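Engineer:
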């Protein structure tokens, strides 16, 4: 029996003898892409939740360039595209309303376009589970790269965590323990860089869950957003996704029951956000796994 994999999925868009294949090639030429740029190569989507509306994701455009370098090095052809971006600080009344909408955006953007694999760029709380949900439903090879945690805060010799300490000091302000000048000074010290919260809240937890599920390369969750190793990691992910396409390593092959058991054990070990429970069950549902609350208890 032959073990040869089928041709890249993207060929369906360009190898058709009808008018549409011709038009698609013409449209690529309009962007400056000659046929030799993508002919015979896997087309790798870079699904980018970049936005200036959330500092958690505002550096992802630069990170996408590192992914592209890796894709090119491995013989692929990268194409970046935007999807909805969810940010905890500015979105009202809550980003949870939009998690499933983003997952639909991700799924449909992948399935509707000539992509053979995809690198998912996210960061803020609901962004990461939504990316994994959408990629799981699309089920083409995918790798998650998060933006990384921001620098820790510092104020009067104390290390601060967002937003644990902002809430704590709001109580101190109301109690009269600190004054308005302290509060104003604290505002400039609590969020020191791009990247998601550096405490073990939802963003850090879900970045860790992506790694525990096998959807990220080792070390992804821990590298700070402003650390040069973050770009190196993104570049490596670009190289790896091309390999994953060649072996047809899809989310459904990675995220099996053992992977979710591993994620649950990891969640307990790190004392992660309780929000991970609703996100893990949703991701599991996209690959046909009924992840019960009892399973979380069994593995605790």
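Numbering (our numbering), first residue to last: 45 to 344. Even for Gly, the Cβ is constructed at its ideal location relative to N, Cα and C. None of these values were measured; they are calculated from a predicted model.
1) Using a threshold of 7 Å, state whether the C-beta atoms of residue 85 and residue 125 are closer than that.
2) Roughly how many whole angstroms lie between the Cα atoms of residue 51 and residue 332?
3) Please state if the CB of residue 285 and the CB of residue 163 are separated by a distance shorter than 7 Å.
4) Do you know whose CA, among 179, 156, 217, lies nearest residue 227's CA?
5) Whole angstroms are fine: how far does the CA of residue 256 sit from the CA of residue 303?
6) May I have the straight-line CA-CA distance separating residue 252 from residue 264, to the nearest angstrom?
7) Can you say whether residue 220 is buried or exposed, counting buried as having 16 or more other CB atoms within 10 angstroms of its CB?
8) Sort 239, 75, 88, 197 by Cα distance to residue 233 and report the nearest one.
9) Between the Cα of residue 298 and those of 78, 174, 123, 259, spot the shortest distance and give me the residue it belongs to.
10) How about residue 294 and residue 183: do their beta carbons lie closer than 7 Å?
11) Could you say which of 202, 204, 238 lies nearest to residue 194 if we only look at CA atoms?
12) Report the CB separation of residue 166 from residue 190 in whole angstroms; it is logged as a contact under 8 Å.
13) What's the C-alpha gap between residue 81 and residue 277?
14) Check whether the Cβ atoms of residue 129 and residue 87 sit closer than 7 Å, and answer yes or no.
15) Tell me whether the beta-carbon of residue 38 lies closer than 7 Å to the beta-carbon of residue 118.
16) Quick one: grab the DSSP three-state call for residue 235.
17) Where do the ends of the alpha helix (DSSP H) carrying residue 250 lie?
Structural biologist: Quick look at the numbers:
1) It is not a contact, given that the beta carbons lie outside the stated cut-off.
2) Rounded to the nearest angstrom, the two C-alpha atoms are 26 Å apart.
3) In this structure, residue 163 sits near residue 285, with a CB-CB distance shorter than 7 Å.
4) Residue 227 has its Cα closest to that of 217, out of 179, 156, 217.
5) Each residue's alpha carbon lies about 7 Å from the other.
6) Taking C-alpha positions only, residue 252 is separated from residue 264 by approximately 8 Å.
7) Looking at its Cβ environment, which holds fewer than 16 other Cβ atoms inside 10 Å, residue 220 is exposed.
8) Of the listed residues, the one whose Cα sits closest to residue 233 is 197.
9) Among 78, 174, 123, 259, the Cα nearest to that of residue 298 is on 259.
10) Yes.
11) Comparing Cα positions, the closest option is 238.
12) Yes, they are in contact, since the Cβ atoms of residue 166 and residue 190 sit about 6 Å apart, within 8 Å.
13) A direct Cα-to-Cα measurement between residue 81 and residue 277 gives close to 24 Å.
14) Contact: no.
15) One cannot answer for residue 38 here, as it falls past the ends of the chain, which runs 45 to 344.
16) Three-state DSSP puts residue 235 in coil, outside helix and strand.
17) If you look at residue 250, you'll find it in the alpha helix (DSSP H) that goes 246 to 256.
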